[in-house]
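Working notes, beginning with the structure itself.
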Amino acid sequence: MGYQVLARKYRPQRFDEVIGQEHVTRTLQNALQQQRIAHGYIFSGHRGIGKTTIARILAAALNCRSAGRPVAEPCGVCESCTEIRAGNSVDVIEIDAATNRGIDEIRELREAARYRPARDRFKVYILDEAHQITDAAFNALLKTLEEPPGHIVFMMATTQPEDIPQTIRSRCQNFSFRAVSFDAIMAQLGQIAASEQVQADANVLAMLAQAGDGSMRDALSIMDQAIACCGATLSPETVRQLVGTVPAEAMEELLQAVQQNSSADVLRVVDGLVSSGQNPAHVAREFVRFLRNLLVAKVAGDGSPLLQVSSDERSRAGRLAQMFSEEDLTRFLQLMLRTHAELGYRQEQRFHLELGMLKLVHAQRLLPLEQLLSEIPPASAGQRAAAGAPAASPARDGSGLKTSSAAGANPFARSAPGVPSPLEADRARRARAAPGEPEAQAAGSNGVDASAVRRQVLSSLEAGEQKSLAAMLESGDWSLVQNVVKVTPEDAESVLSLLRIFSNAQQAMDRAASSALGRPTRVVIEAGQSETPAARPAPAEEAAGSARSRAASDPVVRRVQEKFEAEIRTVIDHRKS
379 MGYQVLARKY RPQRFDEVIG QEHVTRTLQN ALQQQRIAHG YIFSGHRGIG
429 KTTIARILAA ALNCRSAGRP VAEPCGVCES CTEIRAGNSV DVIEIDAATN
479 RGIDEIRELR EAARYRPARD RFKVYILDEA HQITDAAFNA LLKTLEEPPG
529 HIVFMMATTQ PEDIPQTIRS RCQNFSFRAV SFDAIMAQLG QIAASEQVQA
579 DANVLAMLAQ AGDGSMRDAL SIMDQAIACC GATLSPETVR QLVGTVPAEA
629 MEELLQAVQQ NSSADVLRVV DGLVSSGQNP AHVAREFVRF LRNLLVAKVA
679 GDGSPLLQVS SDERSRAGRL AQMFSEEDLT RFLQLMLRTH AELGYRQEQR
729 FHLELGMLKL VHAQRLLPLE QLLSEIPPAS AGQRAAAGAP AASPARDGSG
779 LKTSSAAGAN PFARSAPGVP SPLEADRARR ARAAPGEPEA QAAGSNGVDA
829 SAVRRQVLSS LEAGEQKSLA AMLESGDWSL VQNVVKVTPE DAESVLSLLR
879 IFSNAQQAMD RAASSALGRP TRVVIEAGQS ETPAARPAPA EEAAGSARSR
929 AASDPVVRRV QEKFEAEIRT VIDHRKS
């Protein structure tokens, strides 16, 4: 007999030789012993994991002519078993459904199924790639499956069971095959290498098993190719080039460049991989697998069975996982999964791979949300609570700009005792000052007085073609508290409406005030109270206006408006409801 490829030479001939499908083989063996034989079976799952092989073994067990029938394992020596193994049994017909998929072929099969087996107990039809059969052909087969002759058994193997009509699936026993585990493939490859007198270390077997991607047949085909290339000794470097595996050293170098925020090194490593003939999509896929292993090592430890790598790669994954947090590795994996998906329909794949790798570098610079929240000063909650509270009337300077006095200083207070914040310490210092003494905040740290702030803000608005807004603000009351310039115009609602129309006006005012004082400063529009009792609005309108002004001056609401260019449509005061 001529040369046989490893996948055919070492094809299992018994149920106990099948690896990774114990849940299927155990059920079928029990059914054989109990003589509970169904008339239809559907074997579905990944390619190269034993669907057609188990169908042949089941057919051999059904028609085995050994003396101890019924048997849970075919004897392998009787006439029926040897014919099935050779593929020339009269009563076991294997049909390629990809080429015999039409209604005419199925009608011929249905007519032939009416006749009893030529010699054996059952006439078995094995339909490979059954999902390729047309709907009309399945409909022609439906009646035979529903009320089959007692001597007929149909076995359908498919990688896409969802394409088989539900009417067919409901009349058959369905077995879902699993992808063969990494360790099982690696162990089987080691046994076959020993039988073939081929030297292959653990790293080589790991590369072959990984390239098989859960398929025993694929792993054996790649091993056959490696033996043809290397001879009796499989070299790790040659096998790596043969299967196209990206070197782990290059992956580690990429990760170190990301950890060091070195975009130049990232591009250099990518260039080296692409120049050596690596496909960008394959590089992205390998890096996704690499990051997944690092994340597993970070979460479950490098000894976890979830790591499908050799012992050397386990230690490497455990060491590299310590360089990043779990959140970083999760973010990296998400970015690379997106990059790998996008490469499938991009023409300039190298550019998109480089872009995806650079995103990992920039992702390193993102601060955790918890850290950002911890940097918010404790007084911020008090500022939001007191945004609409009335304050004592501050003193005025000569320019008409009000300044905060001791009595009208920032009214924020901490509800819980503790170490005073810098804001509270400054408030206590001002409380000890004379009642009528103006604050030092009336002038900026660079010596600029408050009137200069007013002039610069109004000039900025006029320069930006917002003269109507500047005129309305000029007649209002201006005050300076800490890093906030408060403006109380006569018609606050109109001013707020103009600010919604001129989306960049708020930023222009903040920049002008910050430039005048030499420190970050915000300009806040506040609604004032009418001095004429007859002009006061109705209580309901006053409450609504107060709630709206509090919402409009709330720092969190203002930041949301600036960030998303939003506007306040309706304000509901739940305290009044």
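Each number in my numbering comes from the position in the sequence shown (counting from 1) with 378 added on.
Even for Gly, the Cβ is constructed at its ideal location relative to N, Cα and C.
Own chain partners of residue i with C-beta closer than 6 Å, once the 5 adjacent residues on each side are dropped
i	result
Leu519	Ile484
Ala959	The displayed coordinates of the chain run from 379 to 955. Any statement about residue 959 would go beyond what the structure contains.
Pro390	Val396 and Thr431
Gly778	Residue confidence for Gly778 is low, a pLDDT of 47 falling below 50, so the modelled location carries little weight; the figure read from the coordinates is stated next. So the list is empty, once near-sequence residues are dropped.
Gln844	Phe880 and Ala883
Ala450	Gln407, Leu410 and Gln411
Arg494	His529
Beta-carbon contacts of residue i that lie in its chain and below 7 Å, excluding the five residues immediately before and after
i	result
Pro911	Note that Pro911 scores 37 on pLDDT, short of 50, meaning its location in the model is unreliable; the coordinates nonetheless yield the value given after this. Around Pro911: no qualifying Cβ.
Ala475	Leu505, Asp506, Glu507, Ala508, Gln510 and Ile511
Glu457	Arg443
Glu840	Ala848
Cys459	Ala438, Cys442, Pro452 and Cys453
Arg497	Val468 and Asp469
Ala678	Leu684
Gly350	Residue 350 lies beyond the residue range present for the chain, which begins at 379 and ends at 955; the question has no answer from this structure.
Asn861	Arg897, Pro898, Thr899 and Arg900
Rounded C-alpha distance that separates residue i from residue j
i	j	result
Leu684	Leu673	11 Å
Val652	Ala894	54 Å
Arg479	His509	9 Å
Glu323	Ser829	Nothing about residue 323 can be reported from this structure: the residues present for the chain run from 379 to 955 only.
Glu395	Lys429	13 Å
Phe532	Ala433	10 Å
Phe500	Gly681	49 Å
Phe702	Gln742	9 Å
Val644	Val636	7 Å
Asp602	Met594	12 Å
Arg670	Gly734	16 Å
Gln577	Ala565	14 Å
Arg855	Arg947	At residue 855 the sequence reads Asp, which differs from the Arg that was named. Distance between the alpha carbons of Asp855 and Arg947: 26 Å.
Ala535	Ile546	13 Å
Cys608	Gln544	49 Å
Leu487	Gln399	30 Å
Phe942	Thr477	58 Å
Ala490	Val383	34 Å
Ile960	His424	The structure shown does not extend to residue 960, since the chain spans only 379 to 955, so no value can be given for it.
Ala580	Gln634	26 Å
Ala944	Val938	7 Å
Phe668	Asp649	19 Å
His718	Lys864	52 Å
Arg808	Arg926	At Arg808, the pLDDT of 46 sits below 50, so the modelled position is not reliable; the number obtained from the coordinates is stated separately. If I take the Cα positions, the gap works out to 31 Å.
Pro704	Gln575	First, the amino acid is wrong: residue 704 is Glu here, not Pro. Taking the straight line from one Cα to the other gives about 44 Å.
Pro898	Val934	16 Å
Gln727	Arg716	13 Å
Ala642	His740	13 Å
Leu698	Gly655	26 Å
Ala628	Phe665	10 Å
Thr611	Ile605	8 Å
Rounded Cβ spacing between residue i and residue j (contact assumed at less than 8 Å)
i	j	result
Val901	Asp888	6 Å
Ile563	Ala514	At roughly 40 Å, the Cβ-Cβ gap does not stay under 8 Å, so Ile563 and Ala514 are not in contact.
Gln686	Phe560	4 Å
Glu630	Arg694	7 Å
Leu436	Leu406	6 Å
Tyr388	Ile570	6 Å
Ala886	Leu877	Their Cβ separation, rounded to whole angstroms, is 11 Å, which puts Ala886 and Leu877 out of contact at 8 Å.
Ile903	Ala930	7 Å
Leu713	Leu738	6 Å
Ile471	Tyr503	5 Å
Ile530	His417	6 Å
Phe553	Phe393	That belief does not hold up - the Cβ atoms of Phe553 and Phe393 are roughly 13 Å apart, past 8 Å.
Same chain, Cβ closer than 8 Å to residue i, neighbours up to 5 away in sequence not counted
i	result
Gly842	Phe880, Asn882, Ala883 and Ala886
Glu868	Met850, Ser853, Gly854 and Gly906
Gly796	Summary for Gly796: the model assigns pLDDT 47, below 50, so the residue's position carries little reliability; its value from the coordinates is reported in the next sentence. Correct list: empty, nothing qualifies.
Ala409	Ile415 and Ala416
Item checked: Length at least 4, wholly inside the segment 548–606: the alpha helix (DSSP H) runs in chain order -> 560–573 and 580–590
Checklist line | Meets three-Cβ-pair contact criterion under 8 Å: the segment 616–628 and the segment 434–450 | finding: no
Margin query: In chain order, what are the residue ranges of uninterrupted alpha helix (DSSP H) at least 4 long that sit wholly in the segment 386–460?
Written below: 400–412 and 429–441
Next item on the list: Specify whether the segment 575–588 and the segment 618–628 touch according to this definition: at least 3 beta carbon pairs, one from each stretch, less than 8 Å apart.
Entry: yes
Notebook entry, point to check: Taking the runs of the alpha helix (DSSP H) that are 4 residues or longer, which of them lie wholly in the segment 505–538?
Noted result: 513–524
Item checked: Inside the segment 676–742 only - alpha helix (DSSP H) runs reaching at least 4 residues -> 689–699, 704–721 and 727–741
Item checked: beta strand (DSSP E) runs contained entirely in the segment 830–918, provided each spans 3 or more residues -> 855–859, 862–866 and 900–903
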